[in-house]
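Student:
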Amino acid sequence: MNIRTIILCSCLLSQIAAAGTKVKGLRVWTSPDNTKAVIDLSDQVNYKLFQLSNPPRVVIDLENTTLEKQLKLKNNPVIKKLRKGKKGKHTLRLVLDLSSEQKARSFLLKPAQQYGHRLVIQLDKPKTKKKTVKQINNKQDRNIIIAIDAGHGGEDPGASGASGTREKTITLQIAKRLAKIIDKEPGMKSVLIRQGDYYLGLKKRYKKAREKRADLFVSIHADAFTDPKVHGMSVYILSNKGATSEAAKWLAENENNSDLVGGVVLEDKDNILAKVLLDLSQNASMEASLKSAKKVLAALKKIEKPHKKQVERANFVVLRSPDVPSMLIETAYISNPKEERRLKTKDFQLKLANAIKDGVKQYFYQSPPPNTWIANHVKTTKHTVASGETLGAIAQSYKVSMTDLKRLNNKTTNRILVGEVLILPKILP
Ligand SMILES: [Zn+2]
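For the sequence shown, the numbering used here begins at 1 and goes up steadily by one.
#1: So T30 packs on N75, CB below 8 Å; how close in whole Å?
#2: Report all residues from its chain with a CB closer than 6 Å to the CB of S326; omit the five preceding and five following residues, and keep chain order.
#3: Short of 8 Å in beta carbon distance, which residues of its chain neighbour A214, apart from the five on each side in sequence? Order them along the chain.
#4: Among residues of its own chain, excluding the 5 on either side of F316, which ones have a beta-carbon nearer than 7 Å to its beta-carbon?
#5: Taking the runs of the beta strand (DSSP E) that are 3 residues or longer, which of them lie wholly in the stretch 173-260?
#6: With a threshold of 8 Å, are at least 3 pairs of Cβ atoms found where one atom belongs to the stretch 362-376 and the other to the stretch 177-188?
#7: DSSP on D404, reduced to helix/strand/coil?
#8: Evaluate contact between the stretch 192-202 and the stretch 165-176, counting only Cβ atoms and requiring at least three cross-stretch pairs below 8 Å.
#9: Could you give the first and the last residue of the continuous alpha helix (DSSP H) run that contains I394?
#10: Rounded to whole angstroms, what is the Cα-Cα separation between R210 and K139?
#11: For ligand 1, is there any heavy atom lying closer than 8 Å to the beta carbon of G164?
#12: Do the CB positions of D97 and I79 come within less than 9 Å of each other?
#13: Since V28 contacts L94 with CB under 8 Å, what's their CB separation in whole angstroms?
#14: For G151, is the beta carbon positioned less than 8 Å from some heavy atom of ligand 1?
#15: Which residues in the same chain have their Cβ closer than 8 Å to the Cβ of L343, if we skip the five residues on either side of it in sequence?
#16: Nearest by alpha-carbon distance to D227: which of A247, K208, K212, S234 is it?
#17: Find out if the Cβ-Cβ distance for the pair D358, A299 is shorter than 9 Å.
#18: Between the alpha carbons of P425 and T381, how many angstroms are there, rounded?
#19: I'd like the list of long-range same chain contacts for E389, defined as Cβ closer than 6 Å, with 5 residues on each side in sequence excluded.
#20: Would you check whether ligand 1 has a heavy atom nearer than 8 Å to the C-beta of E431?
#21: So is the beta-carbon of T169 under 8 Å away from any non-hydrogen atom of ligand 1?
#22: Measuring alpha carbon to alpha carbon, tell me which of E340, G419, I356 ends up nearest K301.
#23: Less than 8 Å between C-beta atoms, sequence neighbours within five positions excluded: which residues of the same chain meet that for V45?
#24: Quick check on G359: does DSSP put it in helix, strand or coil?
#25: Of the residues S163, Q102, V296, which one's Cα is nearest the Cα of K338?
#26: From the DSSP output, which residues share a beta bridge with G372?
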């Protein structure tokens, strides 16, 4: 680069700066870990941020910036009040009054999907000493832990339906229903990775599952496509080598963009290490991922014909846990008006949640991790149907309910065929 180009560059920059940046909006998201204030900007900005205490507050000075419209702050437990003022001629000062001391950090985000330039201010509660977590997972008869991840959230709405339904809302509703259903199963316990309307980074999602020592990670989503006629559910596991189909690749790119939209600092420093770890320990959990995903897909088939008959593979960041078997379920196409309507109903959400639970249960009944209540107390046997037998008689002879028997075998009717192999559970004291 010669001197002329440098001068040219700085001229361009000062021209942009002269035009001024506008503050266009504000959104605030609060999660159990932190609060994020997202300021929409018309352009990039130079800014300074500092904190003051007594009372605790965060001051943001935005150079050469004006307010396009009044910013509204909805009720928030962390940010009590928003004040604005001017510092000198061209600097807009925003003050966030806080209800308690917080550690503030900030970063700028480039335009992504529906958003333009953004300044994100992240407020973290000061760290209190963490209680040492007991290794509960090593005790006898432990529960199997299912981590349920509701896709998207907060700043990242995910896909949207024609009548305005947002993927982030649907996924959280289904996840909560699934959690409740799983908690009713003896020997199983759910962990909700996202609990409200806020965004969690993709890596953070599987890290959380690992912290909770999950035996399985299930990410819930709703698909979208340009063609509104496309419909049906799909189940995915991670692929390191590339997606099964072009459509799967397209989808993975979209889902992985969440971090750009959701407002997290992208740190890729640990990518090489992550890759090594991934290659070393992932084979075993990949096998478990495939087995459990097959069971879930089979159970979902009870509801309707799926979009793809097989378990698909794609490179979803959220599935990259090296040691927790993971799957991602696209429950339906939110871009299909009929499916959008259905996705909102309690009835369909419950059907989905029950089918996912059935698939997960079948998998763990057949391949329980050692020391778990299921490994110690549930023995499954196989029964080949002989001529003249009825499902009712078989259920009675094994002392299981018809509902359990049908669920465990993905049956919607009482019809059985001679020679058919049924799975039968036996609960030991
Ligand atoms: Zn999604």
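All residues carry an ideal CB built from backbone N, CA and C; glycine is no exception.
The structure presented is a predicted model; accordingly, all values stated were derived computationally and were not measured.
Tutor: According to the structure shown:
#1: Not confirmed; about 10 Å, so no contact.
#2: For S326, where only same-chain residues beyond five positions count, the Cβ hits under 6 Å are F217, S289, L319.
#3: Same-chain partners within the cutoff: I145, I146, A147, V191, V324.
#4: Excluding positions up to five away in sequence, the list reads Y236, L238, A252, E255, N256, L328.
#5: Within the stretch 173-260, the complete beta strand (DSSP E) runs of at least 3 residues are 188-192, 216-223, 234-238.
#6: The answer is yes - the stretch 177-188 touches the stretch 362-376, with three or more Cβ pairs under 8 Å.
#7: Correct three-state label for D404: helix.
#8: Yes, the stretch 192-202 touches the stretch 165-176.
#9: Taken as a continuous stretch (DSSP letters only), the alpha helix (DSSP H) holding I394 covers 391-397.
#10: Rounded to whole angstroms, R210 to K139 spans 18 Å at the Cα level.
#11: Because no heavy atom of ligand 1 lies under 8 Å away, the Cβ of G164 does not count as near it: no.
#12: Contact flag set, yes.
#13: Approximately 13 Å separates the beta-carbon atoms of V28 and L94; this is outside 8 Å, ruling out the contact.
#14: Yes.
#15: Counting only Cβ-Cβ distances below 8 Å, and skipping sequence neighbours, we find G161, T165, I170, A222, T331, A332, I334, Q349.
#16: Among A247, K208, K212, S234, the Cα nearest to that of D227 belongs to A247.
#17: Less than 9 Å divides the Cβ of D358 from the Cβ of A299.
#18: When only Cα atoms are considered, P425 and T381 end up about 6 Å apart.
#19: No residues qualify anywhere along the chain.
#20: Absent from the structure is residue 431, since the part of the chain shown begins at 1 and ends at 429.
#21: No, ligand 1 has no heavy atom inside 8 Å of this Cβ.
#22: For the options E340, G419, I356, the alpha carbon positioned closest to that of K301 is the one of I356.
#23: Taking V45 as the centre and dropping the five residues before and after it, the same chain places the C-beta of T21, L62, E63, N64, T65, L108, H117, L119 closer than 8 Å to its C-beta, in chain order.
#24: The answer is helix: DSSP assigns G359 an H, G or I state.
#25: Per the Cα distances, S163.
#26: Residue identity check: residue 372 is Thr in the sequence provided, not Gly. The beta-bridge partner set that DSSP reports for T372 consists of R142.
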